[in-house]
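Only one structure is covered here, and it is reproduced in the block below.
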Amino acid sequence: KLEFLSKCQIQIKGPPPDPNAHKNTGTANVTIRGASANDVATGLRMVREYANSVARRVVKCASKEVLDRLFGAGQSAHSSVASRFATIRRQCGCTILRDSDTTLQVLLPLDKDPSLERELDGAVKDIQHLVEEASLATTTIPVSPEHSHIWADAANVRNIQRKAGLVRLSLRKGGEGQGARLELLGNGQAVTKARTMIDKLIDTSGTAEVFETVK
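Residues 1 to 215, numbered by the UniProt record's numbering, are exactly what the sequence shown covers, in order.
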């Protein structure tokens, strides 16, 4: 588009390859060739205007491991996260760069179009959701036989998941030589809240509350 409007040839030479995949380093060089000095000056102005129109958003991750999972490294349990992140990179129309071990840059030339900024913010929101999911870790809690009936009640599981936030609670039956266990998949804050609720539910199991309406 810039070449057509400026009537110039525009070549962009990026920085030398970086052994650290997806890493954004170095400075690109732009060469502009035109039939006249005026054409070149016009091309240079348009390239600068285009570069200045690029909006940038930064997405931060808690650790390098979280960002690695987005790019497909790490445990196979996070492969769906990497697959969805790759889909976002292909379809969102933005340039997504790994700027450091814990940050991403999301870039999009706005070209004075408000709808493009909404598109950029939408892509950032989708990426942030994936970052939250990639930040999840599994915590295991042993379940004694006398408490297994608590977790057989799906209402208890749903109630804890709803109140604790970003956490998934699953009851795993033990195999040979292993007892049943609860698995909590979530971020640190949600898991801590869920564990507090689990302890309270176990402490109060077997008790009953009677409510009477006095008129």
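The C-beta atom is built at its ideal place from N, Cα and C for all residues, glycine as well.
Quiz item: Can you tell me the Cα-Cα spacing of Asp-203 and Gln-91, whole angstroms?
Solution: 50 Å
Quiz item: Is it right to say Asp-199 is buried, meaning 16 or more other beta carbons lie within 10 angstroms of its own, or is it exposed?
Solution: exposed
Quiz item: With distances taken between CB atoms, is the gap from Val-191 to Val-157 smaller than 8 Å?
Solution: no
Quiz item: Can you tell me where the alpha helix (DSSP H) with Thr-31 in it begins and where it stops?
Solution: It is not in any alpha helix (DSSP H) - Thr-31 instead sits in the beta strand (DSSP E) that spans 29 to 33.
Quiz item: Helix, strand or coil for Lys-7 per DSSP?
Solution: coil
Practice problem: Verify whether the separation of the beta carbon atoms of Leu-107 and Arg-56 is less than 8 Å. | Solution: yes
Practice problem: Please work out which residues of its chain come closer than 6 Å, Cβ to Cβ, to Leu-185, disregarding the five sequence neighbours upstream and downstream, and give them in chain order. | Solution: Leu-136, Thr-138, Arg-168
Quiz item: What are the boundary residues of the beta strand (DSSP E) that includes Ala-137?
Solution: 137 to 142
Self-check item: Range covered by the alpha helix (DSSP H) that runs through Pro-114
Solution: 114 to 134
Exercise. Closer than 6 Å by C-beta to Ile-141: which residues in its own chain qualify, once you throw out the five before and the five after it? Chain order, please.
Key: Leu-182
Quiz item: Is it true that the region 94 to 104 meets the region 33 to 53, where meeting means three or more beta-carbon pairs spaced less than 8 Å apart?
Solution: no
Practice problem: For Pro-109, I'd like the list of residues in its chain whose CB is within less than 7 Å of its CB, leaving aside the five on either flank, ordered along the chain. | Solution: Tyr-50, Ser-53, Val-54
Exercise. Pick out whichever of Lys-60, Arg-162, Gln-11, Val-30 has its Cα sitting closest to the Cα of Ala-134.
Key: Lys-60
Quiz item: Are Ala-180 and Lys-173 close, meaning C-beta to C-beta below 8 Å?
Solution: yes
Exercise. Label Arg-118 either buried or exposed according to how many other C-beta atoms from any shown protein chain fall within 10 Å of its C-beta, with 16 as the threshold for buried.
Key: exposed
Quiz prompt | Presumed contact (8 Å Cβ cut-off) between Leu-70 and Ala-82, rounded CB distance | solution = 6 Å
Self-check item: Selection from Asn-187, Thr-103, Ala-123 that minimises the alpha carbon distance to Ala-86
Solution: Ala-123
Exercise. Give the C-beta separation of Ile-88 and Leu-104 to the nearest angstrom, bearing in mind that I take them to be a contact with Cβ-Cβ under 8 Å.
Key: That pair is no contact at about 11 Å.
Quiz item: What residue does the alpha helix (DSSP H) around Glu-49 start on, and which one ends it?
Solution: 37 to 52
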